[in-house]
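Chemist: Following this note's numbering, the residues of the sequence shown are numbered contiguously, the last one being 538. Every residue gets a Cβ at the ideal spot worked out from N, C-alpha and C, and that includes glycine. The structure that follows is given in the form of C-alpha cells.
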Amino acid sequence: MIVNSDNQSISHVLPELGIRETNPSFITGQESGESPGGQLLDVFSPIDGQKIASVKMIEETEYNQVVEKAQKAFDFWRKKPAPYRGEIVRQIGVALRKYKDSLGKLVTYEMGKIYQEGLGEVQEMIDICDFAVGLSRQLYGLSMHSERPNHRMYEQYHPLGIVGVISAFNFPVAVWSWNAMIAAVCGDVVIWKPSEKTPLTAIACQNIIKDVLKENDLPEGIFNLVIGDAKIGAAISSDKRIPLVSATGSTRMGKKVGETVAARMGKSLLELGGNNAIIVTENANIEMAIRAAVFGAVGTAGQRCTSTRRLIVHENVFDQVKKRLLDIYPSLSIGNPLEEGTLVGPLIDKDAVNSFTAGIKKAKEEGGEVLIGGEILEGPGYESGTYVKPSIVIAESNFEIVQEETFAPILYLIKYKGGIANAVEIQNNVRQGLSSSIFSDNIQETEYFLSHLGSDCGIANVNIGTSGAEIGGAFGGEKETGGGRESGSDAWKVYMRRQTNTINFGTELPLAQGIKFEI
Ligand code: UN1
C-alpha cells in the first residue's frame, strides 16, 4: 500500500491505525508480505479531493487463498464455546474504545461525514460489540412439547460457516461490525468486501482486530478483508463456500447479489435503498419535527440509507413548517467535516454531486419548486467540487423522481390534506420500505401509523426522525429495501443454521400424526 497524506489534521491518524507507507498489502488483515500482482486502487478524500493512498486490490488466486484460510479458521472457531467467542468480541470492543477518536477521524477523512458522526459510527461499533457479548450467552432455541409420549423436541442453532459482507461507503465500518460481531459470536467467520471508496477504514479495523487475535493466539482467518471491485463482490455472491452473503448498498446492486446467491440456494441478507418519510400532522410538535427533519435530511449530507427524503406535511401546518425550514437551511454550516461547527460535509464524489444536480433538474422538470439550495459550492475550501447546498423542493408524491432514492441532501416537501390515512398512503406509495416517522401528539394518529394499516416500513418511529436507529433493534426494511434484518433483536438467527431435534426416550416407536405402519 502506498500512503501519501500531507493533510496536517489527519496525517498522524494513519500511522496510529497501523496504516503506513511501508505497510504491505492486506489480504486477510494480516501483514502477509508484498503479494504479487494486484491492481492499485486510488483512495481520495472527498474533503479536499486529495489522494490519500493507493491500495492493492485482491486477485482471483488470492481470493481463493482467503476463502481457504477462512474455511480453516471456521473449523477452529466453531469449536470454541460461544461465551468464549463473546469474550474475544468484548476485547474488540475495548480496542475500539481506545481507537475511537482516530478511527472516527479516518471515517470522516475518507468518507466525508462530520467528525461527530464519525465518532457516532465508531460508537455504533462499540455498541454492537457489547450487544454481541451478551448475545454470546443467549443463542437460544425453543423447546416444544412433542405429540408423542416419551419424546422431547427442541431446536438449536449451529454456526453457519463463512459470512460474506459487502458494505457501502456511507457507513464504512459500522454496518460491517453489525454483521461481523454478530457472526463472530455465532461461530461464523467473515470475509469483508468494503466499498472501493473506503478501503482505508476497513484496513484500520482489520489492524485493530488483528492485534486482539494475536494477543489471544487466534487464527487470522476469523476476520478477513478483501479489497477489490465489483468482480470480487460477484465472486462472493456466486461462491458456494459462502452460505450467507450480507450486502448493503443500492437496490440495483442488491438485486444482482440476491439473484446470484439465490441461484446457488445460498442465504442473503439485503439492506438496500430507502426512501424515508416523516409525516408531520397538524397535531405535531413542530419544533421537534423540524429538528428531526433537518438532521434526517442533511445529516451525513443525505447519504444515509435512513436519510429523510420526504416530508409529508398536513396543509394546516404546511406554511409554518416551510417557514421554519427556510429559517434554518441558510444557516447550516457547510464545509470541512473535520472542523468543529460544520454540520454538512461533502458528498462522497463528483458522481454523487451529478446525481444531486440531476435529481433537482428532474424535480423541476416534473413541476417541483426549488425552495432553497441545489447549487454546487465553489471557492476556497470547496475546491474538491464535492460540496453542495442542501435543497428543499416542493413536490408531488407521484413525481417519478420522488420515487427514486437520490443519495444526496434533497428534501421533498409534500402537502397532504385530510386524515392520517391519506398521509400514510403517500408515505407507503414508494418502492422502498426502510424507515418512516410520524410527528404527532395525537394517539389515534400515531397508533394508526404503527398499526397494520400504517407504515409499511421495517422501521416506524413516533416523534423521532427516520435516521439514527439504535443497534438494539433489528435494522432493515421491506419491498425494494430487500427484507433483511441486521444488528439487534433476533437478527442473529440468520447467521446460524437452525436444527430441530426430536428425541425418543421411550422403548416404543410411535409415528407422528398417529400413522400406523406395522411390519
Ligand atoms: C445505513 O445508512 O446504511 O440508523 C445505516 C441510522 C444508522 C445506520 C444507517 N444507525 O441512520
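Given that a residue counts as buried once 16 or more other Cβ atoms are within 10 Å of its Cβ, and exposed if not, what is residue 113?
Modeler: The residue given as residue 113 occupies position 94 in the sequence shown. Counting Cβ neighbours within 10 Å, residue 113 comes out exposed, since fewer than 16 surround it.
Chemist: CB of residue 493 to nearest heavy atom of the ligand UN1: below 6 angstroms?
Modeler: For this step, residue 493 is matched to residue 474 along the sequence shown. Result no, Cβ not under 6 angstroms from the ligand UN1.
Chemist: With a threshold of 16 other CB atoms inside 10 Å of the CB of residue 370, please say whether the residue is buried or exposed.
Modeler: For the purposes of this step, residue 370 is taken as the residue at position 351 of the sequence shown. So residue 370 counts as exposed.
Chemist: Let me check you understand the geometry: is the CB of residue 355 closer than 6 angstroms to at least one non-hydrogen atom of the ligand UN1?
Modeler: Within the sequence shown, residue 355 is the residue found at index 336, counting from 1. It does not: the Cβ of residue 355 is nowhere closer than 6 angstroms to a heavy atom of the ligand UN1.
Chemist: Return the chain-ordered list of same chain residues with a C-beta closer than 7 angstroms to the C-beta of residue 385, the five sequence neighbours on each side being excluded.
Modeler: As a first step, residue 385 is located in the sequence shown; it is residue number 366 there, counting from the start. Here the set comprises 418, 419, 420.
Chemist: Going by beta carbon distance, what residues of the same chain come within less than 6 angstroms of residue 301, once the five residues before and after it are set aside?
Modeler: For the purposes of this step, residue 301 is taken as the residue at position 282 of the sequence shown. Excluding sequence neighbours, residue 301 sits near 333, 335, 336.
Chemist: When you compare only the Cα positions, how much space is there between residue 246 and residue 75?
Modeler: Along the sequence shown, one-based indexing puts residue 246 at 227. Along the sequence shown, one-based indexing puts residue 75 at 56. So the alpha carbons of these two residues sit roughly 7 angstroms apart.
Chemist: Could you tell me which of 524, 505, 142 sits nearest to residue 493, measuring between CA atoms?
Modeler: As a first step, residue 493 must be located in the sequence shown, where it is residue number 474. Closest option to residue 493, Cα to Cα, is 505.
Chemist: Once you ignore the five residues that flank residue 355 on each side, which residues in its own chain have a CB closer than 7 angstroms to its CB?
Modeler: Your numbering for residue 355 matches position 336 in the sequence shown. 66, 361, 400, listed in sequence order.
Chemist: Which two residues bound the contiguous beta strand (DSSP E) that contains residue 210?
Modeler: As a first step, residue 210 is located in the sequence shown; it is residue number 191 there, counting from the start. Taken as a continuous stretch (DSSP letters only), the beta strand (DSSP E) holding residue 210 covers 208-212.
Chemist: Along the chain, where does the alpha helix (DSSP H) that runs through residue 162 open and close?
Modeler: Reading the sequence shown from its first residue, position 143 is the one you call residue 162. Looking at the DSSP string, residue 162 is not in any alpha helix (DSSP H); the run it does join, the beta strand (DSSP E), is 162-164.
Chemist: Just to confirm my understanding: we take residue 476, look at its own chain, exclude 5 residues before and 5 after, and list those with CB closer than 7 angstroms. What are they?
Modeler: Stepping through the sequence shown from its first residue, residue 476 is reached at position 457. So the qualifying residues of the chain are 452, 453, 454, 455, 496, 497.
Chemist: For residue 195, which residues in the same chain have their Cβ closer than 6 angstroms to its Cβ, ignoring the five residues on either side in sequence?
Modeler: In the sequence shown, the residue the question calls residue 195 occupies position 176. Counting only Cβ-Cβ distances below 6 angstroms, and skipping sequence neighbours, we find 184, 186, 211.
Chemist: In this structure, does DSSP put residue 61 in helix, strand or coil?
Modeler: Within the sequence shown, the letter at position 42 stands for residue 61. Three-state result, residue 61: strand.
Chemist: For residue 32, which residues from the same chain have a beta carbon less than 6 angstroms from its beta carbon, with the 5 sequence-adjacent residues on both sides left out?
Modeler: Sequence index remark: in the sequence shown, residue 32 carries index 13 (1-based). So the qualifying residues of the chain are 121, 124, 125.
Chemist: So, for residue 445: in the same chain, excluding its five sequence neighbours on each side, which residues have a beta-carbon less than 7 angstroms away from its beta-carbon?
Modeler: Counting from one through the sequence shown, the residue named residue 445 turns up at place 426. 331, 416, 433, 435, listed in sequence order.
Chemist: Could you tell me which residues DSSP pairs with residue 288 in its beta bridges?
Modeler: Here the question's residue 288 lines up with position 269 in the sequence shown. According to DSSP, residue 288 bridges with 265.
Chemist: The alpha helix (DSSP H) with residue 519 in it runs from where to where?
Modeler: In the sequence shown, counting from the first residue as 1, residue 519 sits at position 500. Counting along the chain, residue 519 falls outside any alpha helix (DSSP H), though it belongs to the beta strand (DSSP E) covering 515-523.
Chemist: Could you tell me which of 405, 397, 404, 393 sits nearest to residue 412, measuring between CA atoms?
Modeler: For this step, residue 412 is matched to residue 393 along the sequence shown. For residue 412, the nearest C-alpha among the options comes from 393.
Chemist: Taking only three categories from DSSP, how would you classify residue 103?
Modeler: Locating residue 103 in the sequence shown gives position 84, counting from the first residue. In this structure, residue 103 counts as helix in the three-state DSSP scheme.
Chemist: Taking 6 angstroms as the line, does the beta carbon of residue 190 fall inside it for any heavy atom of the ligand UN1?
Modeler: In the sequence shown, residue 190 corresponds to position 171, counting from 1. For the ligand UN1, at least one heavy atom lies less than 6 angstroms from the Cβ of residue 190.
Chemist: Is there contact here, the region 255-269 with the region 282-292, by at least three beta-carbon pairs under 8 angstroms?
Modeler: Touching, yes.
Chemist: Determine, using beta carbons only, whether residue 516 and residue 177 come nearer to each other than 7 angstroms.
Modeler: The residue given as residue 516 occupies position 497 in the sequence shown. The residue given as residue 177 occupies position 158 in the sequence shown. Yes, they are a contact pair.
Chemist: Taking a contact to mean a Cβ-Cβ separation below 7 angstroms, would you say residue 127 touches residue 396 in this structure?
Modeler: Here residue 127 refers to the residue found at position 108 of the sequence shown. Here residue 396 refers to the residue found at position 377 of the sequence shown. No, the pair does not count as a contact, with Cβ atoms beyond the cut-off.
Chemist: Is the Cβ-Cβ distance between residue 296 and residue 364 less than 7 angstroms?
Modeler: Numbered from its first residue, the sequence shown carries residue 296 at position 277. Numbered from its first residue, the sequence shown carries residue 364 at position 345. No.
Chemist: Within 6 angstroms: the Cβ of residue 270 and any heavy atom of the ligand UN1?
Modeler: Here residue 270 is taken as the residue at index 251 of the sequence shown, counted from 1. No - the ligand UN1 has no heavy atom lying nearer than 6 angstroms to the Cβ of residue 270.
Chemist: Is any heavy atom in the ligand UN1 found nearer than 6 angstroms to the beta carbon of residue 323?
Modeler: As a position in the sequence shown, residue 323 is number 304, starting the count at 1. At least one heavy atom of the ligand UN1 is nearer than 6 angstroms to the Cβ of residue 323, so yes.
Chemist: Taking the straight line between their C-alpha atoms, what separation do you get for residue 478 and residue 191?
Modeler: Taking the sequence shown and counting its residues from 1, the one referred to as residue 478 is at position 459. Taking the sequence shown and counting its residues from 1, the one referred to as residue 191 is at position 172. Cα to Cα, residue 478 sits roughly 21 angstroms from residue 191.
Chemist: Name the DSSP bridge partner or partners of residue 238?
Modeler: Within the sequence shown, numbered from 1, the residue matching residue 238 stands at position 219. According to DSSP, residue 238 bridges with nothing at all.
Chemist: Rounding to the nearest angstrom, what Cα-Cα distance links residue 219 and residue 338 in this structure?
Modeler: Taking the sequence shown and counting its residues from 1, the one referred to as residue 219 is at position 200. Taking the sequence shown and counting its residues from 1, the one referred to as residue 338 is at position 319. The straight-line gap from Cα to Cα measures roughly 45 angstroms.
Chemist: Please classify residue 322: does DSSP put it in a helix, a strand, or coil?
Modeler: For the purposes of this step, residue 322 is taken as residue 303 along the sequence shown, with counting starting at 1. Of the three classes helix, strand and coil, the one that applies to residue 322 here is coil, per DSSP.
Chemist: What would DSSP say about residue 243, mapped onto helix, strand or coil?
Modeler: If you number the sequence shown from 1, residue 243 lands on position 224. Reduced to three states, the DSSP call for residue 243 is strand.
Chemist: Please state whether the Cβ-Cβ distance between residue 273 and residue 501 is less than 7 angstroms.
Modeler: Translated into positions along the sequence shown, residue 273 becomes position 254. Translated into positions along the sequence shown, residue 501 becomes position 482. Cβ atoms of residue 273 and residue 501: closer than 7 angstroms.
Chemist: Taking contact to mean 3 or more Cβ pairs, one atom from each stretch, closer than 8 angstroms, check whether the region 323-330 and the region 94-107 are in contact.
Modeler: Too few Cβ pairs lie closer than 8 angstroms, so no.
Chemist: From residue 344 to residue 460, what does the alpha carbon distance come to, in whole angstroms?
Modeler: As a first step, residue 344 must be located in the sequence shown, where it is residue number 325. As a first step, residue 460 must be located in the sequence shown, where it is residue number 441. One C-alpha to the other measures close to 21 angstroms.
Chemist: Between residue 486 and residue 425, what straight-line distance do the alpha-carbon atoms span, to the nearest angstrom?
Modeler: Translated into the one-based positions of the sequence shown, residue 486 becomes position 467. Translated into the one-based positions of the sequence shown, residue 425 becomes position 406. Each residue's alpha carbon lies about 16 angstroms from the other.
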